[in-house]
Structure formats: structure tokens, C-alpha cells
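**Q** The sequence shown begins at 2 in this note's numbering and counts up one residue at a time.
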Amino acid sequence: YNTVIKMKILIKIIFLLLFSKSVFAYCDFEIVKMESGVKSLAAKTNFIQDVDNLPELPFTFPIPVEEICKDSKFIMFPVNFTYINKKLYQIFIEDMLSDINHLENLKYYYGNPTEEYEDSGSSGMNFYHWDFSNKHIFLVIKYTPNEVIQNIEIVSSKYSKMMEEHNEAIEE
């Protein structure tokens, strides 16, 4: 009798998890490490051609998330890889369509955020930041009753310096 009750509870928990609103999905957007060369990304995707003729100046590759993530729940938004001097300094994502829980996904790969701020109203913004010695990860969730926009940025600690150097070189 006790086993039957445990089985019923287990089945209810499984159904609750399967049919809850937020989608639990996992994807490591950082398929190549910060400051790695563009050839690393070219080796992992089919979207980059003619690597040797790419410019030194900043450029971004928008790659469909379906090409990056093995989990089929990740669909319909680009993962933007920004290179300066042919090295990766930023990954940026704007997800306006899916109901993926990006906070849980980022916690899975990076642990709990270093800092966070969450609005409590029906409209507002939630902010999460992971601070590492060589990079920062940001998740900003803007929401209203009708819309949720989730922005993710994985950025090298050297990104600002590299962009500043590039902009100074243009001014000369």
C-alpha cells in the first residue's frame, strides 16, 4: 500500500515537470572559449567560410541557435559571436520568442550569479551577473504581461579595452 502511494506521488511530480510553463532546457552558448581564434568557431559550425580572409576589425557572426545547441527546445534566435583581431570577445543573445528559462540554463553552467536584482511587479526587469576573472556573464530579463525579452551577454574582461583600442586606431 505504501509503495502505491509513493508511485502515485512520483507520477504526479513527473507530469507536473512535463507540463509546467517554463521550459527546462540546457545549452552551453560558449561553444568556444573567450579570446579563442575564429578558426575554433569555424570548426564547430557550418556558417563560417574563408576564415583566412576575415578582417582584423570587429565583426560579428550571427549563428542560428539550432546550430549551437543540441537541445531542440532552443529555436528561433541567433547567437552572435563578436571578434576583434580575429579573437572572440563577446557572445550576445536576444531571445524574444521562447519560454526557455535562461536563468536556470546559465546557473547550470556557471553556478549562482554573483549579483542579482529582481523587480516584483507584473512589468519590470530582472538582472543577473556572474563575475569571473576573465569574463562576465549578464542576463537581463525585461517583462510585461504580454512580452518577455531575455538578453544574454558573455563577454571577455578585455572587451572594453579592445574596442577602445580599435576606436582610437580609427580616429588616427
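Note that beta-carbon positions come from the ideal geometry of N, C-alpha and C, so glycine has one too.
If you drop the 5 nearest sequence neighbours on each side, which residues of the same chain put their C-beta closer than 7 Å to that of residue 32?
**A** Within the same chain, residue 32 has close Cβ partners 45, 69.
**Q** To the nearest angstrom, report how far apart residue 80 and residue 98 are at their CA atoms.
**A** Straight-line Cα distance between these residues: approximately 14 Å.
**Q** In angstroms, rounded to a whole number, what distance separates the CA positions of residue 124 and residue 154?
**A** Each residue's alpha carbon lies about 22 Å from the other.
**Q** Should residue 140 and residue 107 be called a contact, given that it needs their Cβ atoms to be closer than 7 Å?
**A** Their beta carbons are under 7 Å apart, which means residue 140 touches residue 107 by this criterion.
**Q** Residue 66 and residue 52: beta carbons closer than 7 Å?
**A** Contact flag unset, no.
**Q** Taking the CB atoms as reference points, tell me whether residue 57 and residue 86 lie closer together than 7 Å.
**A** Yes, they are a contact pair.
**Q** Identify, in the order they occur along the chain, each residue of the same chain with its Cβ nearer than 6 Å to the Cβ of residue 166, setting aside the five sequence neighbours on each side.
**A** None.
**Q** Could you give the DSSP three-state label for residue 161: helix, strand or coil?
**A** Here residue 161 sits in helix by DSSP.
**Q** Around the C-beta of residue 102, are 16 or more other C-beta atoms found within 10 angstroms, so that it is buried, or is it exposed?
**A** Burial call: buried.
**Q** Which residue from 112, 121, 149 puts its Cα closest to that of residue 132?
**A** Nearest of 112, 121, 149 to residue 132, Cα basis: 112.
**Q** If the criterion is Cβ atoms closer than 7 Å, does the pair residue 42 and residue 82 meet it?
**A** Yes, they are a contact pair.
**Q** Could you pull out every unbroken beta strand (DSSP E) segment of at least 3 residues lying fully inside the region 92-135, listed in chain order?
**A** 116-119, 125-132, all fully within the region 92-135.
**Q** Could you check what DSSP says for residue 83 in three-state terms: helix, strand or coil?
**A** Residue 83 falls in the strand class under three-state DSSP.
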